[in-house]
Amino acid sequence: MSDSVSTISIGELAERFGCELRGDADVQVSGVATLSDAGSASIAFLANPLYASQLATTAAAAVIVHPDAAEHCPVAALIAKDPYLVYAQIAAELYPLATLTPGIHANATVDPAATVPDSCEVGPGAVIEAGVTLGEGVLVGPNSFIGRDTAVGSYSRLVVNVSVYHGVTIGERCLFHAGAVIGADGFGIAKQPDSSWLKVPQVGGVTIGNDVEIGANSAVDRGAIEDTVLANGVKVDNLIQIAHNVRIGEHTALAGQSGVAGSTTIGARCLIGGKATINGHITICDDVAVTGAAGITHSIKKPGIYSGGIVPMDDAASHRKNSVRFKQLDKMARTIKKLERAVFSADKPGD
Amino acid sequence: MSDSVSTISIGELAERFGCELRGDADVQVSGVATLSDAGSASIAFLANPLYASQLATTAAAAVIVHPDAAEHCPVAALIAKDPYLVYAQIAAELYPLATLTPGIHANATVDPAATVPDSCEVGPGAVIEAGVTLGEGVLVGPNSFIGRDTAVGSYSRLVVNVSVYHGVTIGERCLFHAGAVIGADGFGIAKQPDSSWLKVPQVGGVTIGNDVEIGANSAVDRGAIEDTVLANGVKVDNLIQIAHNVRIGEHTALAGQSGVAGSTTIGARCLIGGKATINGHITICDDVAVTGAAGITHSIKKPGIYSGGIVPMDDAASHRKNSVRFKQLDKMARTIKKLERAVFSADKPGD
Amino acid sequence: MSDSVSTISIGELAERFGCELRGDADVQVSGVATLSDAGSASIAFLANPLYASQLATTAAAAVIVHPDAAEHCPVAALIAKDPYLVYAQIAAELYPLATLTPGIHANATVDPAATVPDSCEVGPGAVIEAGVTLGEGVLVGPNSFIGRDTAVGSYSRLVVNVSVYHGVTIGERCLFHAGAVIGADGFGIAKQPDSSWLKVPQVGGVTIGNDVEIGANSAVDRGAIEDTVLANGVKVDNLIQIAHNVRIGEHTALAGQSGVAGSTTIGARCLIGGKATINGHITICDDVAVTGAAGITHSIKKPGIYSGGIVPMDDAASHRKNSVRFKQLDKMARTIKKLERAVFSADKPGD
Chain U
14 MSDSVSTISI
24 GELAERFGCE
34 LRGDADVQVS
44 GVATLSDAGS
54 ASIAFLANPL
64 YASQLATTAA
74 AAVIVHPDAA
84 EHCPVAALIA
94 KDPYLVYAQI
104 AAELYPLATL
114 TPGIHANATV
124 DPAATVPDSC
134 EVGPGAVIEA
144 GVTLGEGVLV
154 GPNSFIGRDT
164 AVGSYSRLVV
174 NVSVYHGVTI
184 GERCLFHAGA
194 VIGADGFGIA
204 KQPDSSWLKV
214 PQVGGVTIGN
224 DVEIGANSAV
234 DRGAIEDTVL
244 ANGVKVDNLI
254 QIAHNVRIGE
264 HTALAGQSGV
274 AGSTTIGARC
284 LIGGKATING
294 HITICDDVAV
304 TGAAGITHSI
314 KKPGIYSGGI
324 VPMDDAASHR
334 KNSVRFKQLD
344 KMARTIKKLE
354 RAVFSADKPG
364 D
Chain R
14 MSDSVSTISI
24 GELAERFGCE
34 LRGDADVQVS
44 GVATLSDAGS
54 ASIAFLANPL
64 YASQLATTAA
74 AAVIVHPDAA
84 EHCPVAALIA
94 KDPYLVYAQI
104 AAELYPLATL
114 TPGIHANATV
124 DPAATVPDSC
134 EVGPGAVIEA
144 GVTLGEGVLV
154 GPNSFIGRDT
164 AVGSYSRLVV
174 NVSVYHGVTI
184 GERCLFHAGA
194 VIGADGFGIA
204 KQPDSSWLKV
214 PQVGGVTIGN
224 DVEIGANSAV
234 DRGAIEDTVL
244 ANGVKVDNLI
254 QIAHNVRIGE
264 HTALAGQSGV
274 AGSTTIGARC
284 LIGGKATING
294 HITICDDVAV
304 TGAAGITHSI
314 KKPGIYSGGI
324 VPMDDAASHR
334 KNSVRFKQLD
344 KMARTIKKLE
354 RAVFSADKPG
364 D
Chain B
14 MSDSVSTISI
24 GELAERFGCE
34 LRGDADVQVS
44 GVATLSDAGS
54 ASIAFLANPL
64 YASQLATTAA
74 AAVIVHPDAA
84 EHCPVAALIA
94 KDPYLVYAQI
104 AAELYPLATL
114 TPGIHANATV
124 DPAATVPDSC
134 EVGPGAVIEA
144 GVTLGEGVLV
154 GPNSFIGRDT
164 AVGSYSRLVV
174 NVSVYHGVTI
184 GERCLFHAGA
194 VIGADGFGIA
204 KQPDSSWLKV
214 PQVGGVTIGN
224 DVEIGANSAV
234 DRGAIEDTVL
244 ANGVKVDNLI
254 QIAHNVRIGE
264 HTALAGQSGV
274 AGSTTIGARC
284 LIGGKATING
294 HITICDDVAV
304 TGAAGITHSI
314 KKPGIYSGGI
324 VPMDDAASHR
334 KNSVRFKQLD
344 KMARTIKKLE
354 RAVFSADKPG
364 D
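Protein chains in written order, with the working numbering: chain U, 14 to 364; chain R, 14 to 364; chain B, 14 to 364.
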């Protein structure tokens with residue numbers, strides 16, 4: 014793969030991405046930068062109010078800003094209602110996806126019974142087993158593995174060191190990062206009378222839609238009987254565990270180190286915070302947001318924001334004191350009830 | 014590796030696995046399916062009451078059911094006290110372990126001073142260093158690594174992209190999934206007077222018993238001085254951290270993203286829930302269950318179920334309100350005490 | 014790589030590491046051992062009071078002890094104020110880093126446009142892309158990958174199966190364990206009007222200082238615009254997520270399964286406990302310790318120990334009861350206030 018960075022005028026950017034332009038349309042930019050570090054060939058953006066104070070002194074060629082911030086912009090402004098989205102669009106323009114170097118590397122191992130179009134790039138150390146079908150323009154990066162009978166849609170990319178087991182179906186334009194594992198066995202074990210475990214064969218597969226991104230060292234297990242399913246546009250960050258038979262709806266995004274236990278269904282357009290834990294065998298409806306590190310123990314039937322799991326940070330000494338009280342909470346609640354009865358009941362003296 | 018699926022009559026299955034059969038013993042099944050998706054060549058099971066409602070309409074050839082559910086089964090029934098275990102046994106029969114293709118792949122790198130029986134399969138990109146000893150029928154899958162002087166017992170399988178460091182001992186019939194790392198250095202560092210860290214050499218190894226399964230991207234560190242030890246039958250799910258000098262007893266199972274800190278001993282037949290955190294330098298006795306996401310901070314001397322760590326899920330606004338109160342808990346407790354004294358003390362008017 | 018273990022007299026060890034010696038200076042030791050397992054050729058240490066009871070019966074040749082414990086040592090004693098640090102120094106002496114076997118393995122793939130000094134060891138299956146620059150004595154272990162234009166400083170070691178993306182800068186004497194991923198894309202996605210996500214190109218890199226250790230299956234993402242930065246001496250345990258644009262100061266150590274969300278800055282000499290979650294866009298000052306599994310949601314401006322996140326472990330039934338009350342905490346607090354007013358207000362009878 015190789016990079017290439019284009020140069021473009023801010024006038025053309027404004028037009029192409031529907032922004033109002035304040036400033037010289039002919040200014041050329043060749044890259045993006047932060048407000049604080051930008052030079053005269055860079056475009057910056059302001060989306061998070063945390064960084065608003067950096068606007069006044071930026072040396073960027075232009076800044077993508079919300080209408081409310083435009084008047085404070087000391088340089089050319091591309092005014093947009095969603096500056097972050099426009100930034101993403103412009104960055105995608107300036108930093109297009111690296112183009113592939115088609116061909117199968119001499120140090121790759123591709124079974125003759127695999128289908129690998131000429132437009133694919135198969136890197137050194139990559140292993141493709143029999144019955145695998147790749148679409149056009151697929152990247153199977155160095156030391157990546159695709160097990161037998163797995164299908165990978167066009168323009169999907171397994172960057173490096175990705176393991177995709179047998180019998181998996183992957184859509185188009187997916188992006189899997191280093192160490193991602195798709196289709197390892199689900200954790201199915203049955204207790205035997207002697208207390209040892211009998212492994213339950215995991216005979217389902219994994220079905221992954223189009224435009225799915227899976228981060229470094231995340232794992233999506235194969236189903237026990239039916240497939241584990243990630244719908245179109247699902248985005249999975251790093252070090253995430255998705256257990257067998259989980260189903261995740263379109264455009265749901267999961268942040269780093271979150272985990273979803275077996276047979277749970279998550280709806281579309283959900284946002285799962287980092288390190289959140291989603292129990293098994295529950296259903297979460299569409300449009301639910303789960304805060305970071307939350308523990309979701311029951312099904313959710315109403316869109317909204319859900320928390321739980323953790324209690325607030327504190328200095329360690331205070332936390333220890335309050336934590337001790339947590340273990341007395343039920344007792345405290347009962348005492349309060351008794352007090353209420355004693356203090357507020359009709360026959361109390363003074364009432 | 015390759016699959017094979019057998020066909021078998023439900024009469025034979027009933028006999029072999031000790032079930033009472035209701036229905037036509039000659040019905041043939043060739044696979045397993047869920048109650049809702051099963052067709053006439055599939056056997057299904059009902060173990061989790063969550064799915065009981067699917068029994069009435071199943072099109073399965075037969076269903077493995079508990080005696081209590083047998084009368085509701087609209088098709089042939091294999092009646093067993095533990096339907097999930099019988100399901101596991103039947104699935105293992107119908108989906109036997111893939112057989113190996115013995116031999117060392119041309120793209121593997123095997124040191125001449127390693128012992129690799131002819132019955133082993135060593136995949137492309139696999140690397141086996143000097144002094145390694147493999148038992149019969151071992152699978153060293155694509156791009157897997159085994160460091161010098163490590164021993165792997167017969168019929169163990171490193172599926173793909175597994176890293177086993179030097180000086181590790183692995184038993185028979187183990188199964189290690191993609192990205193599993195066995196024997197990396199424990200996290201031993203000593204603070205120096207200038208605040209920098211001095212690495213503490215990790216000179217212990219790892220000893221793993223028979224029938225141990227380790228999930229995708231899990232890590233079992235080598236010991237600082239003595240070995241980290243996983244006894245026979247231990248089952249480790251995905252993305253789990255087992256730190257140096259941990260010892261885990263027979264048939265203990267750990268669910269995804271749980272972690273065990275250094276020098277902790279966990280007994281036999283324990284169940285560690287997903288994302289649970291087990292502190293270092295503690296001892297957990299046999300037959301302990303730890304709920305998901307729990308934080309286990311102290312030794313446990315009595316079998317039972319232990320929780321802690323997280324508080325219940327809630328809508329985010331309520332959680333925020335209650336969380337604020339958590340930080341006032343100790344103060345609340347003291348106020349309650351004061352109230353109790355004022356309201357219930359002997360000299361209170363009206364008593 | 015290969016090991017070598019030296020033999021040395023305890024007199025020389027005492028002198029070299031500034032310990033007071035009680036016992037025969039000529040006693041030779043060739044290895045380290047625990048107090049309970051040591052034989053007559055081993056040196057042991059006592060640093061954690063948990064193991065003090067093992068001192069009386071040790072069969073070690075010598076024990077490194079704190080002055081307070083010296084009188085209880087039944088064998089030769091090396092007396093030091095920080096026995097663990099002296100142990101680390103002696104162990105490093107007895108177990109020096111394995112020496113490399115310089116050269117590029119025939120099964121490695123090294124681009125002709127990469128700079129690989131003769132003193133480097135490049136293992137089988139390793140892949141080094143164009144523009145990569147390695148310092149002297151670098152180890153690129155089996156099946157490891159280094160993307161184009163990345164620089165790795167002298168004597169750094171990528172043990173096995175490490176993935177370092179393009180455009181990363183790594184200092185000297187770093188140690189990266191199996192499955193570590195450096196420079197994968199940060200999790201940058203922008204919501205589009207149709208609810209699908211647009212990927213935000215991650216055009217920053219990663220800058221890693223000298224003497225940084227990164228554990229098995231940990232991930233350090235590349236920056237969105239600027240670099241993610243780990244300063245000199247940072248120590249990262251296993252299965253840790255470090256998101257884009259995080260900055261971590263010198264000699265800060267993070268324990269297993271902790272995670273740092275995007276754009277957060279952590280100061281120098283911090284200790285982040287296992288499974289701790291550090292929110293994004295916050296700043297933690299120097300010399301902060303965060304307890305295990307804590308959730309750090311806000312910036313910290315004062316050195317100290319911080320907790321939060323989890324509540325204490327308990328038996329599951331008690332935890333369930335108290336957890337229910339957690340959801341009533343705000344209501345309880347209000348009731349207490351009402352009671353206080355009723356009981357302690359001036360016009361209450363009896364006051």
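All C-beta atoms, glycine included, are put in the ideal place defined by N, C-alpha and C.
- Within its chain, find whatever has a CB closer than 6 Å to the CB of S276 (chain B); leave out the 5 residues flanking it on each side and keep chain order. Here the set comprises N258, G293, H294.
- Task: Between the Cα of V175 (chain R) and those of R:V242, R:T112, R:N251, spot the shortest distance and give me the residue it belongs to.
- Result: Looking at R:V242, R:T112, R:N251, the one whose alpha-carbon comes closest to that of V175 (chain R) is R:N251.
- Under 8 Å by Cβ, that's how I've got I183 (chain U) and A164 (chain U) pegged, so tell me the actual separation to the nearest angstrom. Confirmed, Cβ separation roughly 7 Å.
- Message: Assuming contact is defined by CB atoms lying nearer than 9 Å, are G44 (chain B) and L147 (chain B) in contact in what I supplied?
- Response: No; because the gap between Cβ atoms is not below 9 Å, this pair is not in contact.
- Verify the CB distance criterion: does G338 (chain R) have a CB-CB separation below 9 Å to chain B? In the sequence under discussion, the amino acid at residue 338 (chain R) is Arg, which differs from the Gly named in the question. Closer than 9 Å: yes.
- Task: List the whole-angstrom C-beta distance separating V42 (chain R) from I56 (chain R), where the pair is believed to meet the contact cut-off of C-beta under 8 Å.
- Result: Rounded, the Cβ-Cβ distance is 4 Å, consistent with contact.
- According to the neighbour-count rule (16 or more other Cβ atoms, all chains shown, within 10 Å of its Cβ), is P155 (chain B) buried or exposed? So P155 (chain B) ends up on the buried side.
- May I ask which residues mark the beginning and end of the alpha helix (DSSP H) holding A346 (chain B)? Per DSSP, the unbroken alpha helix (DSSP H) holding A346 (chain B) starts and ends at 342-357.
- Shorter than 9 Å from the beta carbon of E149 (chain B) to some beta carbon of chain U? No, E149 (chain B) lies away from the interface with chain U (no Cβ there is under 9 Å from its Cβ).
- C-beta contact flag for L34 (chain B) and A90 (chain B) at 9 Å: Cβ distance < 9 Å, so L34 (chain B) and A90 (chain B) count as in contact.
- Using beta-carbon positions only, say whether A46 (chain B) and A65 (chain B) come within less than 9 Å of one another. The answer is no: Cβ separation not under 9 Å.
- From R:Q270, R:G236, R:E263, R:P214, residue whose alpha carbon lies closest to that of A207 (chain U): Here the sequence assigns Asp to residue 207 (chain U), which means Ala is not the residue at that position. If you compare the alpha carbons of R:Q270, R:G236, R:E263, R:P214 with that of D207 (chain U), the shortest gap goes to R:E263.
- Message: Which same chain residues end up closer than 6 Å to A203 (chain B) when comparing Cβ atoms and leaving out the 5 residues on each side of it in sequence?
- Response: Result list for A203 (chain B): L211, V213, in chain order.
- Measuring only between beta-carbons, confirm whether H264 (chain B) sits less than 9 Å from chain R. At least one chain R Cβ lies under 9 Å of H264 (chain B).
- Query: Does the segment 90-101 of chain U come within contact of the segment 132-147 of chain U, defined as at least 3 CB pairs closer than 8 Å?
  - Reply: No: the two stretches stay apart, fewer than three of their Cβ pairs being nearer than 8 Å.
- Query: Leaving out the 5 sequence neighbours to the left and right, which residues in its chain are closer than 7 Å to R186 (chain B) when beta-carbon positions are compared?
  - Reply: Closer than 7 Å at the Cβ level, and outside the excluded window around R186 (chain B), lie Y168, S169, N223, D224.
- Taking DSSP as the reference, what is the three-state secondary structure of L26 (chain B)? Assignment of L26 (chain B) by DSSP, reduced to helix, strand and coil, places it in the helix class.
- Give a yes or no on whether 9 Å exceeds the smallest Cβ distance from K212 (chain B) to chain U. Answer yes: the Cβ-Cβ gap between K212 (chain B) and chain U drops below 9 Å somewhere.
- Query: Exposed or buried, what is P96 (chain U) when buried is set at 16 or more other beta-carbons lying within 10 Å of its beta-carbon?
  - Reply: Counting every other CB atom within 10 Å of its CB across the protein chains shown gives P96 (chain U) a total of 16 or more, marking it as buried.
- Query: If we cut at 9 Å on Cβ distances, does L352 (chain B) have a partner in chain R?
  - Reply: Chain R, which has a Cβ nearer than 9 Å to the Cβ of L352 (chain B), makes this yes.
- For R235 (chain U), which of helix, strand or coil comes out of DSSP? In the three-state reduction of the DSSP assignment, R235 (chain U) falls in the coil class.
- Task: Give, in chain order, every unbroken run of the beta strand (DSSP E) that is at least 3 residues long and sits entirely within the segment 73-122 of chain R.
- Result: Qualifying beta strand (DSSP E) stretches, in chain order: 75-78, 89-92.
- Task: Give the straight-line distance between the Cα atoms of A82 (chain R) and D50 (chain B), rounded to the nearest whole angstrom.
- Result: One C-alpha to the other measures close to 56 Å.
- Under 9 Å, do K444 (chain B) and A266 (chain B) count as touching if we go by C-beta distance? For residue 444 (chain B) there is no data in the structure shown, the boundaries of chain B being 14 and 364.
- Message: Rounded to the nearest angstrom, what separates D162 (chain B) and A126 (chain B) at their Cα positions?
- Response: The alpha-carbon atoms of D162 (chain B) and A126 (chain B) are separated by roughly 10 Å.
- Could you check the C-alpha separation between A232 (chain R) and R354 (chain U) for me, to the nearest Å? Approximately 56 Å, taken between the alpha carbons.
- Query: Along chain U, which residues have their Cβ under 7 Å away from the Cβ of F158 (chain B)?
  - Reply: Neighbours of F158 (chain B) on chain U, chain order: P155, N156, V173, N174.
- Message: Considering only DSSP beta bridges, list what F58 (chain B) is partnered with.
- Response: Looking at the DSSP output, F58 (chain B) bridges to B:I77.
- Could you check the C-alpha separation between I200 (chain B) and I253 (chain B) for me, to the nearest Å? This sequence places Phe at residue 200 (chain B); Ile is not what is there. For F200 (chain B) and I253 (chain B), the distance between alpha carbons rounds to 15 Å.
- Item | Positions along the segment 230-260 of chain R whose CB lies within less than 7 Å of some CB in chain U | Hits within the stretch, in order: N230, G246, K248, D250, N251, L252.
- Task: Check each residue of the segment 19-50 of chain B: if its Cβ is closer than 7 Å to any Cβ of chain U, include it; give the result in chain order.
- Result: Identification of residues in the segment 19-50 of chain B having a C-beta nearer than 7 Å to some C-beta of chain U yields an empty set.
- Item | Beta-ladder partner(s) of K314 (chain B), from DSSP | Assignment of beta-bridge partners to K314 (chain B) by DSSP yields no partner.
- Answer with yes or no whether the minimum CB distance from I349 (chain R) to chain U is below 9 Å. The Cβ of I349 (chain R) sits closer than 9 Å to at least one Cβ of chain U.
- Task: Please name the residues in the segment 286-299 of chain R whose beta-carbon is closer than 8 Å to at least one beta-carbon of chain U, in chain order.
- Result: Of all residues in the segment 286-299 of chain R, only G287, K288 place a beta-carbon less than 8 Å from a beta-carbon of chain U.
- Just by C-beta distance, which residues in the segment 131-149 of chain B are closer than 8 Å to chain U? Residues of the segment 131-149 of chain B whose Cβ lies closer than 8 Å to any Cβ of chain U, in chain order: G138, V140.
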